[in-house]
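Visitor: Residue numbers (mature numbering (1 follows the signal peptide of the UniProt record, and there is no 0)): -33 to -1, 1 to 406.
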């Protein structure tokens, strides 16, 4: 989906399985297993290869990149995952700090912690690898922010990034500014995450695991308010945090704008079938998956005219359904529950076609009737306009007739039955996991 067409723009151009490499590091929990010795993922951003713009292609040299990560659950300690999954050269990280934020781009200087990797203050991550820091004691709030500052002393080359962050990232001039209390040394503002793909915490009470939301730009939060954390997974995490401690789960956002189930693209990253192992199974403490993808597989004719264009690959409803079946099977083989969401309306958007709408309806009918996934969330039923069911309800429409706005994302999160998630969830396949108030 078209991530740059949003109300609050950030300049995108300004700026296998897991390989845990380099220093000795804590390894994320095996999928479907009990959470890793009291650890659980609280934030993630799915990594992507560089695009055509200057920042992601050229990377950084001798600069500090400061990024704000918004948590799901809180904890007493944290550990950070860094990635060079799509890098062209080994990634040298000279220093990494974490701290609570203090104003735009600022940090609490009295609570800065320097991360180590196998006891060392710097780390070099080989091409294609990622690494996890040593744990550090720092209270992390639920539904709050943690600021991460990375000093990159040598040329990074093309970056591993998450193109659409919906958060402001701050880039310095030359020098190590990881301990700077304010943003005076950070003149550049970007709208992407760089080299970070996971944050784990050790909660005060035993974590119940995590639910990973796998999807495209609707999961990624396109058109939500920048720096407000109003993506649907954020709203879902707030609902989870309101549950008793023994029931609540973390919520991890594995959405990528323009992502597809069946085909890679330069703009949308690796297809869901290829990234499932890294972006879902690789999360610490994952128990559940919510899958919401497919609309980009159907509606991609526009892609050939964009800067990062690749040839359009026509697919059928049957091929998308076959892709879903493979993802469902993979989740079950690793002991995970998986819920599947119906695709939301797109009429009035830039890539609506009558033929595409028919494909969407065919896939949605299959989703509602299948008995393979552990549950169905009927996002289409929740988000459509009763007076014109092929369109988003105006109150939920961001204005592009494709992506919800903040209120629409809140409605999506409210549609998820929480009793369908977590270790106590039922086992009947095909369960309607849409809340009654959202019907």
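Cβ atoms here follow ideal geometry from the backbone N, Cα and C, with glycine treated the same way.
(1) Give the secondary structure of residue 296 by DSSP, where H, G and I count as helix, E and B as strand, and everything else as coil.
(2) Within its chain, find whatever has a CB closer than 8 Å to the CB of residue 206; leave out the 5 residues flanking it on each side and keep chain order.
(3) Determine the direct distance from the alpha carbon of residue 40 to that of residue 108, and round the result to whole angstroms.
(4) What's the C-alpha gap between residue 291 and residue 83?
(5) Under a three-way DSSP split, which group does residue 327 fall into?
(6) Residue 398 to residue 301, Cα distance in whole Å?
(7) With three or more C-beta pairs closer than 8 Å as the rule, is the stretch 118 to 135 touching the stretch 12 to 24?
(8) Excluding the 5 residues preceding and the 5 following residue 355 in the sequence, name in chain order all residues of the same chain whose CB lies nearer than 8 Å to its CB.
(9) By Cβ distance, which residues of its chain are closer than 7 Å to residue 88, with the 5 residues on each side in sequence left out?
(10) Which stretch, first to last residue, makes up the beta strand (DSSP E) that contains residue 182?
(11) Cβ of residue 183 within 6 Å of any heavy atom in the ligand MG?
(12) Say whether the stretch 181 to 196 touches the stretch 40 to 60, bearing in mind that this needs 3 or more beta-carbon pairs closer than 8 Å, one atom from each stretch.
(13) So if DSSP puts residue 371 in a beta bridge, which residue, or which two residues, is it bridged to?
(14) For the stretch 363 to 377 and the stretch 189 to 205, state whether three or more C-beta atom pairs, one from each stretch, are separated by less than 8 Å.
(15) Below 6 Å CB to CB, which residues in the same chain sit around residue 231 once its five sequence neighbours on both sides are set aside?
(16) Flag this pair as yes or no: are the beta carbons of residue 78 and residue 67 separated by less than 7 Å?
(17) Using only the alpha-carbon positions, how far apart do residue 148 and residue 307 sit?
(18) Quick check on the burial criterion: 16 or more other C-beta atoms within 10 angstroms. Buried or exposed for residue 104?
(19) So the candidates are 98, 102, 123, 133; which of them puts its Cα closest to the Cα of residue 34?
(20) Would you list the residues sitting across from residue 92 in a DSSP beta bridge?
(21) Taking a contact to mean a Cβ-Cβ separation below 7 Å, would you say residue 247 touches residue 310 in this structure?
(22) Identify, in the order they occur along the chain, each residue of the same chain with its Cβ nearer than 7 Å to the Cβ of residue 224, setting aside the five sequence neighbours on each side.
(23) From 266, 330, 394, pick the residue whose C-alpha is nearest to that of residue 299; which is it?
(24) Please classify residue 86 as buried or exposed, where buried requires at least 16 neighbouring CB atoms within 10 angstroms.
(25) Going by other Cβ atoms of all chains shown within 10 Å of its Cβ, with 16 needed for buried, is residue 172 buried or exposed?
(26) Using CA coordinates, which residue listed in 49, 371, 99, 161 is at the minimum distance from residue 136?
(27) Using only alpha-carbon positions, find the residue among 16, 119, 361, 387 that is nearest to residue 143.
(28) Are the Cβ atoms of residue 288 and residue 340 separated by less than 7 Å?
(29) Less than 7 Å between the beta carbons of residue 122 and residue 28, yes or no?
(30) Distance, Cα to Cα, residue 145 vs residue 197?
(31) Grouping DSSP H, G and I as helix and E and B as strand, with all else coil, what is residue 270?
Guide: This is what the structure gives:
(1) Locating residue 296 in the chain shown gives position 329, where the first residue counts as 1. Residue 296 falls in the helix class under three-state DSSP.
(2) Numbered from its first residue, the chain shown carries residue 206 at position 239. Answer for residue 206: 380, 381, 383, 385, listed in chain order.
(3) Numbered from its first residue, the chain shown carries residue 108 at position 141. Numbered from its first residue, the chain shown carries residue 40 at position 73. Taking the straight line joining both Cα atoms gives about 7 Å.
(4) Indexing the chain shown from 1 puts residue 291 at position 324. Indexing the chain shown from 1 puts residue 83 at position 116. So the alpha carbons of these two residues sit roughly 40 Å apart.
(5) Translated into positions along the chain shown, residue 327 becomes position 360. Per DSSP, reduced to three states, the secondary structure at residue 327 is helical.
(6) The sequence position of residue 398 within the chain shown is 431, counting from 1. The sequence position of residue 301 within the chain shown is 334, counting from 1. The straight-line gap from Cα to Cα measures roughly 20 Å.
(7) Three or more beta-carbon pairs separated by less than 8 Å link the stretch 12 to 24 to the stretch 118 to 135, which places the two stretches in contact.
(8) Here the question's residue 355 lines up with position 388 in the chain shown. Contacts found: 314.
(9) As a working note, residue 88 is residue 121 in the chain shown. Contacts found: 62, 81.
(10) Along the chain shown, one-based indexing puts residue 182 at 215. Judged by DSSP secondary structure, residue 182 falls within the beta strand (DSSP E) whose first and last residues are 177 to 182.
(11) This structure lacks the ligand MG; in fact it carries no ligand of any kind.
(12) Here the stretch 181 to 196 makes no contact with the stretch 40 to 60; the two share fewer than three CB pairs at distances below 8 Å.
(13) The residue labelled residue 371 in the question sits at position 404 within the chain shown. When beta bridges are read from the DSSP output, residue 371 appears opposite 364.
(14) Using a Cβ-Cβ distance cut-off of 8 Å, the stretch 363 to 377 and the stretch 189 to 205 are in contact, since at least three pairs of beta carbons, one from each stretch, lie closer than that value.
(15) On the chain shown, residue 231 is found 264 positions in, with the first residue counted as 1. Correct list, in chain order: 237, 238.
(16) Residue mapping note: residue 78 aligns to position 111 of the chain shown, counting from 1. Residue mapping note: residue 67 aligns to position 100 of the chain shown, counting from 1. Yes, the pair counts as a contact, with Cβ atoms nearer than the cut-off.
(17) Within the chain shown, the letter at position 181 stands for residue 148. Within the chain shown, the letter at position 340 stands for residue 307. Each residue's Cα considered, the two are about 44 Å apart.
(18) Taking the chain shown and counting its residues from 1, one reaches residue 104 at position 137. Taking a 10 Å sphere around the C-beta of residue 104, we find fewer than 16 other C-beta atoms and assign the residue as exposed.
(19) Stepping through the chain shown from its first residue, residue 34 is reached at position 67. Of the listed residues, the one whose Cα sits closest to residue 34 is 133.
(20) Residue mapping note: residue 92 aligns to position 125 of the chain shown, counting from 1. Under DSSP, residue 92 shares a beta bridge with 58.
(21) Here residue 247 is taken as the residue at index 280 of the chain shown, counted from 1. Here residue 310 is taken as the residue at index 343 of the chain shown, counted from 1. For residue 247 and residue 310, no; Cβs fall outside 7 Å.
(22) By one-based count along the chain shown, residue 224 stands at place 257. Cβ-Cβ distances below 7 Å link residue 224 to -33, -31, 130, 131, 183, 184, 187, 189, 235 in the same chain, with the five nearest sequence neighbours on each side left out; the list follows chain order.
(23) Walking along the chain shown from the start, residue 299 turns up at place 332. Cα-wise, what sits closest to residue 299 is 394.
(24) Here residue 86 refers to the residue found at position 119 of the chain shown. Classification for residue 86: exposed.
(25) Along the chain shown, one-based indexing puts residue 172 at 205. An exposed status is given to residue 172, since fewer than 16 other beta-carbon atoms sit within 10 Å of its beta-carbon.
(26) Taking the first residue of the chain shown as position 1, residue 136 is located at position 169. Distance check between residue 136 and each of 49, 371, 99, 161 places 161 closest, using alpha-carbon atoms only.
(27) Here residue 143 refers to the residue found at position 176 when the chain shown is read from its first residue. The closest CA to that of residue 143, considering only 16, 119, 361, 387, is found on 119.
(28) Start at 1 with the first residue of the chain shown, and residue 288 comes out as number 321. Start at 1 with the first residue of the chain shown, and residue 340 comes out as number 373. Contact: no.
(29) Here residue 122 refers to the residue found at position 155 of the chain shown. Here residue 28 refers to the residue found at position 61 of the chain shown. Cβ atoms of residue 122 and residue 28: closer than 7 Å.
(30) What you label residue 145 is simply residue 178 of the chain shown in a count that begins at 1. What you label residue 197 is simply residue 230 of the chain shown in a count that begins at 1. Cα to Cα, the separation comes out at about 28 Å.
(31) Taking the first residue of the chain shown as position 1, residue 270 is located at position 303. Caution is warranted here: a pLDDT of 47 is assigned to residue 270, below 50, making its placement in the model unreliable, and the coordinate value is therefore given only provisionally. The answer is helix: DSSP assigns residue 270 an H, G or I state.
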